[in-house]
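**Student:**
Residue numbers (this note's numbering): 9 to 160.
1) List in chain order: all unbroken beta strand (DSSP E) runs of 3+ residues lying wholly within the segment 122 to 156.
2) Throw me the rounded Cβ distance for the residue 77 and residue 21 pair, which I believe falls under 8 Å.
3) Can you find at least 3 beta carbon pairs, one from the segment 10 to 17 and one from the segment 62 to 77, that sit closer than 8 Å?
4) List, from N- to C-terminal side, the beta strand (DSSP E) runs of 3 residues or more that fit wholly inside the segment 76 to 120.
5) For the segment 50 to 63 against the segment 141 to 154, are there 3 or more C-beta pairs whose distance is under 8 Å?
6) With a threshold of 16 other CB atoms inside 10 Å of the CB of residue 152, please say whether the residue is buried or exposed.
7) Can you tell me whether residue 46 is helix, strand or coil according to DSSP?
8) Can you grab the Cα-Cα spacing for the pair residue 19 / residue 36, in whole Å?
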């Protein structure tokens, strides 16, 4: 997926099992989507908590946040509850959305977790930003905030 591409609308269950559509999540402005490999792992917890801690800055920039992994809604709920996340965590069990964004790993018959990547989609579902880092857990939120300032 390239900057400027229109993202196909999708629907995934959130941590409560409620279906959430991309178009609805992005309707009021930019949506920051971060993909992470495994809810509750050390790196994913650090990354998601950094998004949580910067949530007021994202709101001030007019952006909403959503996390996506292949974890079950129940595992997502435990992760969200333990870390006090107020943004939705979506369950992409089949990896179809990860495929759409090009973040699903292809080695070992797709047995490895999703690549750690972050995107910004505007209200028209057009891709405005993307970043990826497997080792710098804070880079995703920090870079997304800088990108939002440039998109205004």
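Note that beta-carbon positions come from the ideal geometry of N, C-alpha and C, so glycine has one too.
Quick caveat: nothing in here was measured; it's all calculated off a predicted structure.
**Tutor:** Quick answer:
1) 125 to 129 and 135 to 140
2) Position 69 of the chain shown, counted from the start, is the residue given in the question as residue 77. Position 13 of the chain shown, counted from the start, is the residue given in the question as residue 21. Going by Cβ atoms, the distance from residue 77 to residue 21 rounds to 12 Å, so no, they are not a contact pair.
3) no
4) 97 to 99
5) yes
6) Locating residue 152 in the chain shown gives position 144, where the first residue counts as 1. Flag for residue 152 reads buried.
7) Residue mapping note: residue 46 aligns to position 38 of the chain shown, counting from 1. DSSP places residue 46 in coil when its eight states are reduced to three.
8) The residue given as residue 19 occupies position 11 in the chain shown. The residue given as residue 36 occupies position 28 in the chain shown. Those two C-alpha atoms are separated by around 17 Å.
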